[in-house]
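What follows is a set of notes on a single structure, which appears directly below.
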Amino acid sequence: MPVAIRNTQSGPTVFTDKHTETSIEWQGKGDVSGGDIQVVPDSLLDNVNFMRVIARGILVTETADKSIEQALSVHRAAWEQKEEAQKRHSQMTIENAEKKDFVSTACIGPSARGTGECGEPVPVRETQVGEKPPLCSKHEMLASQYVVTETEEIKNGEALKQWNRVHVDPRTTAAV
Ligand SMILES: [Zn+2]
Numbered sequence: 007m008p009v010a011i012r013n014t015q016s017g018p019t020v021f022t023d024k025h026t027e028t029s030i031e032w033q034g035k036g037d038v039s040g041g042d043i044q045v046v047p048d049s050l051l052d053n054v055n056f057m058r059v060i061a062r063g064i065l066v067t068e069t070a071d072k073s074i075e076q077a078l079s080v081h082r083a084a085w086e087q088k089e090e091a092q093k094r095h096s097q098m099t100i101e102n103a104e105k106k107d108f109v110s111t112a113c114i115g116p117s118a119r120g121t122g123e124c125g126e127p128v129p130v131r132e133t134q135v136g137e138k139p140p141l142c143s144k145h146e147m148l149a150s151q152y153v154v155t156e157t158e159e160i161k162n163g164e165a166l167k168q169w170n171r172v173h174v175d176p177r178t179t180a181a182v
């Protein structure tokens, strides 16, 4: 496994070995681009000359954990940046939606299960709440069966409107 080696000197450090034709250069300590850390093959740790440099503390081995941590923190920063951008984007989307004054209402069409209401979310312009029954695309053809009535509930100085389905139920008719 390769080893990460860090330069502790303020200036660049170069390790050359004629026998193995190795030449590795480290930038000064704290180099902004991370040039003060070089990953070298672990066979270099068997090289006597290289170990002398290590023994003098000019170059030190980074613990594997530390380099992994460093790589992870770069990842994390990139991820956080992406996350932040996404958050900003969805906030903008919500703001745009609010400007158009759409309210999401549940479809009042009959449920496919036979009882209750469909419940499919239907975006309705706030100013049109009392003008059109909230029906999803599947149920909008039933619009003529709904009539609006004003409830006793007051919101923003106006009576809340309620849609009710008025249709002749064939079974009821038969019973009469
Ligand atoms: Zn529906």
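Residue numbers for the sequence shown follow this note's numbering, so the first one is 7 and each next one is one higher. In this text, a Cβ means the ideal position worked out from N, Cα and C, and glycines have one as well. Computed from a predicted model, the values in this text were never measured in an experiment.
- According to the DSSP assignment, R58 belongs to the alpha helix (DSSP H) that extends over V54 to A61.
- Rounded to the nearest angstrom, the gap between the Cα atoms of V9 and K35 is 18 Å.
- Under the three-state reduction of DSSP output, D37 falls in the coil class, being neither helix nor strand.
- Q134 places its beta carbon 8 Å or farther from that of T155.
- Taking non-hydrogen atoms of ligand 1 into account, the C-beta of K138 is found less than 7 Å away from none of them.
- A Cβ-Cβ separation of about 6 Å places L65 in contact with T19 under the 8 Å criterion.
- Cβ-Cβ distances below 8 Å link K138 to V130 and A149 in the same chain, with the five nearest sequence neighbours on each side left out; the list follows chain order.
- By the neighbour-count criterion, in which 16 or more other beta carbons inside 10 Å mark a residue as buried, W85 falls on the exposed side.
- In the three-state reduction of the DSSP assignment, V135 falls in the coil class, being assigned neither a helical nor a strand state.
- When distances are taken from the beta-carbon of G115 to the heavy atoms of ligand 1, the shortest one is below 7 Å.
- In the structure shown, R94 adopts helical secondary structure according to DSSP, grouped into three states.
- Under DSSP, Q168 forms a beta bridge with T155.
- Nearest in C-alpha terms to K144, of all of R171, Y152 and A118, is A118.
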